[in-house]
Amino acid sequence: MTNLEKYTQAFIDTLDITEEQTKGLEYRSITQWDSVGHMQLITALEDAFGIMMDTDDIIDLSSFEKGKEILKKYEVEIK
Amino acid sequence: MRWKLSNFKKNIAVILEDGSQLTYDEFQKTTDKLAVHLSNRCLTFNLCSNSMGSLLGYITFINNKIVPLMLDAYINRGLLNSLINNYKPDYLWLPSKMADEFEHYSSVFSMYEYTLMKTIYTKEFPLHDDLALLLTTSGSTGSPKLVRQSYKNIKANTKSIVKYLELNETERAITTLPMSYTYGLSIINSHLYVGASVILTQKTLMEREFWQLFKDYKVTSFGGVPYTYEMLEKLRFLHMKLPLLKTMTQAGGKLSSQLHKKFAKYALENEKRFIVMYGQTEATARMAYLPHEKSLEKYGSMGIAIPGGKFSLIDETGNEIIIPDVTGELVYEGDNVMLGYAECGTDLIKSNEKNGKLFTGDMAKRDADGYYYIVGRKKRFLKIYGNRVNLDETEQMIKSRFDNIDCACSGIDDIMYIFITDKDMIDDVHKFLSEKTGLHHLAFRIKYIASIPKNDSGKTLYTSLEEHYD
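In order, the protein sequence lines correspond to chains A and B.
Quick note on the numbering used here: the first sequence kicks off at 530 and runs consecutively.
Quick note on the numbering used here: the second sequence kicks off at -19 and runs consecutively.
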């Protein structure tokens, strides 16, 4: 799997959505992406890429697109 | 019980997300504006969010002897309609953006993005003189039972909480729990009672804006359910610099011993107080607390009875257990024990059915020093994100919605396992449950099983389902 596939799959699995729905997706724009969903999403991303995110990055990861930028800090290129 | 807001004059009562602040004097004046539109002694539904409108409604209703049923504004609409039909409230106080959904009711007054709607009902059911407030027990399955709380209940519990948490007007609490939830409401009650400030926000721990408010307005305390503390751990909370934070409280279910120990240790090392508590809606909110100086020594314990309350343990025959370390049902006595339940409008006239004594349904033991430990539950329910969810009711709900399906529900706190006998219905059952309960879909794990294990008399063998847990 490419990094983009792994990244997208983490959203699909934890938020119970389709790949199509990840486009432009933002925190709290769907009911599943609430604080409970966010915690599970962060755990899934950390597991998928073997990283441990900082507080600031966890609370800044407020959209599907933003997460890609944030992961760059952890040397994970999403493409 | 009346809120004496004007006693605290220029103190700041409320700070809102946009930074605006209300003094106690201003708050009092605002309640007067809403009060003139209300009839005397009647029933209203308050559709709550952590916002000024919702709080204004609650305080005004209590002070004017209007009985509010506190519900989450995001409550399942079918459930809301059945509650309206069942209790026939005189008014709805709701977020103005929801007013369109009730166009057959007339809009009377709006303030702080909340609107008072007059329904088609007028004093349909008589209310007992002592009745102050109605709360749901779980709010998630079928038709929830309501808890009837009295003015005396609220006052007694608020005073106890103020005493053991040593609250005074210098405190600033931020909301982390819904106002329609007994624990969230008790935080608001206890702070407004002493002239302290409450920061009202709908932002969650997982948002930058929440932590910005936390720092900007010098928050001194917050509360959380077990899941909140798991989120805080994930957020590396223990490494955050929050010098003004003094107190963290926990209730709404048993925190894992490991997390209890971790936060207790953090608090001791950082001159903060971590206070584990125990309660139920049926006891207005709180029944027990673990004094912060004992938090590490007695981690895993729910503590001792709150001031004015008393615990005992009883065995299966109803006799009191005197010797330590023996498990029995936990019984609580105090002025904060509810009047009783309500299941329909005619129950609202009922008097005090509990007489200050509550059989908690929790199984507990007491150590030689007098500290209590929860070890299990008498009834089959789980706590999911702090909400009580009855497993048998959930089974019934699934069976009545899906024909030709056998199912069994079990699990551990925060994860319910639902075993069903039809592979093709897994997604449908999953969707149905999260919609119906309003709980996150991740709280439910649906598993296919060829047949539900049962004994000869047809009773489900729940323990044999445990081997299928993840």
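Each residue gets a CB set at the ideal place from its N, CA and C atoms; glycine is no exception.
Notebook entry, point to check: If the cut is a Cβ gap below 8 Å, which residues of chain B does D476(A) touch?
Noted result: The question about residue 476(A) has no answer, for chain A in this structure spans 530 to 608.
- Task: Just the C-alpha distance for D196(B) and F190(B), rounded to the nearest angstrom, thanks.
- Result: 10 Å
Fill in: Buried or exposed by the 16-neighbour rule on C-beta atoms within 10 Å, applied to L215(B)
buried
Note to self: Taking beta-carbon pairs under 7 Å, can you tell me which members of the stretch 161 to 189 of chain B lie near chain A?
What the structure shows: T184, L185, M186, E187 and R188
Exercise. For chain B, find out if any of its Cβ atoms is closer than 8 Å to the Cβ of V605(A); answer yes or no.
Key: no
| said: I'd like to know whether the C-beta of S592(A) is nearer than 8 Å to at least one C-beta of chain B. | reply: no
**Q.** N133(B), enclosing alpha helix (DSSP H) - first and last residue
**A.** Y131 to Y144
Looking at V256(B): is its Cβ nearer than 8 Å to the Cβ of Q238(B)? no
Subject >> Sequence-distant residues of the same chain with beta carbon closer than 6 Å to A244(B), five excluded per side >> reply: F254, S275, L276 and Y279
Measure from the alpha carbon of E415(B) to the alpha carbon of each residue in N26(B), L212(B), Q8(B) and L59(B), then state which is nearest. L59(B)
- Can you name the residues of chain B whose CB is closer than 7 Å to the CB of S564(A)? T184, L185, M186 and M211
Boundaries of the beta strand (DSSP E) in which S592(A) is found, first to last residue:
Element bounds for S592(A): n/a, residue is neither H nor E.
Would you say I541(A) faces chain B, with C-beta separation under 8 Å as the test? no
For Y246(B), which residues in chain A fall below 7 Å Cβ to Cβ?
The contacting residues do not exist; Y246(B) stays about 15 Å from chain A at best.
Next on the checklist: Please state the DSSP three-state secondary structure of D407(B).
Outcome noted: helix
- Message: Please report whether the beta-carbon of Y365(B) lies at a distance below 8 Å from any beta-carbon of chain A.
- Response: yes
**Report entry** Cβ shell of P106(B) (< 6 Å), same chain only, five flanking positions each side left out
**Finding:** I329
- How many Å lie between F412(B) and T208(B) at the Cα? 25 Å
Residues of chain B with CB closer than 7 Å to the CB of D545(A), please, in chain order. H421
**OP:** Measuring only between beta-carbons, confirm whether M220(B) sits less than 8 Å from chain A.
**Re:** yes
Short Cβ contact (8 Å threshold) for Y94(B) with P69(B):
no
(Q) Please identify, using Cβ separations under 9 Å, the residues of the stretch 551 to 562 of chain A that lie next to chain B, in order along the chain. (A) Y556, R557, T560 and Q561
How many angstroms separate the CA atom of H567(A) from the CA atom of N(-13)(B)? 42 Å
Exercise. Would you mind listing the beta strand (DSSP E) stretches within the stretch 63 to 133 of chain B that are 3+ residues and don't spill past its ends, in chain order?
Key: 71 to 75, 86 to 91, 94 to 98, 111 to 116 and 126 to 130
So, helix, strand or coil for V565(A), using DSSP? helix
Can you have a look at S380(B) and say buried or exposed, based on whether 16 or more other CB atoms are within 10 angstroms of its CB? exposed
Cβ closer than 8 Å: which chain B residues qualify as neighbours of Q569(A)?
L422
Taking only the alpha-carbon atoms, compute the straight-line gap between D393(B) and N65(B) and give it to the nearest angstrom.
32 Å
### Query
Would DSSP call D545(A) helix, strand or coil?
coil
Can you name the start and end residues of the beta strand (DSSP E) that I302(B) belongs to? Element bounds for I302(B): n/a, residue is neither H nor E.
CB contact check: D576(A) to chain B, cutoff 8 Å: no
- Message: Counting only C-beta atoms, is I587(A) closer than 8 Å to chain B at any point?
- Response: yes
Discussion item. Can you find the residues in the same chain that come closer than 6 Å, C-beta to C-beta, to L590(A), ignoring five residues on each side of it along the sequence?
Written reply: G596 and I599
Checklist entry - I364(B) lies in the alpha helix (DSSP H); which residues open and close that run? => result Per DSSP, I364(B) belongs to no alpha helix (DSSP H); it is in the beta strand (DSSP E), F361 to I364.
Fill in: Beta-carbon contacts of T150(B) that lie in its chain and below 8 Å, excluding the five residues immediately before and after
A176 and T200
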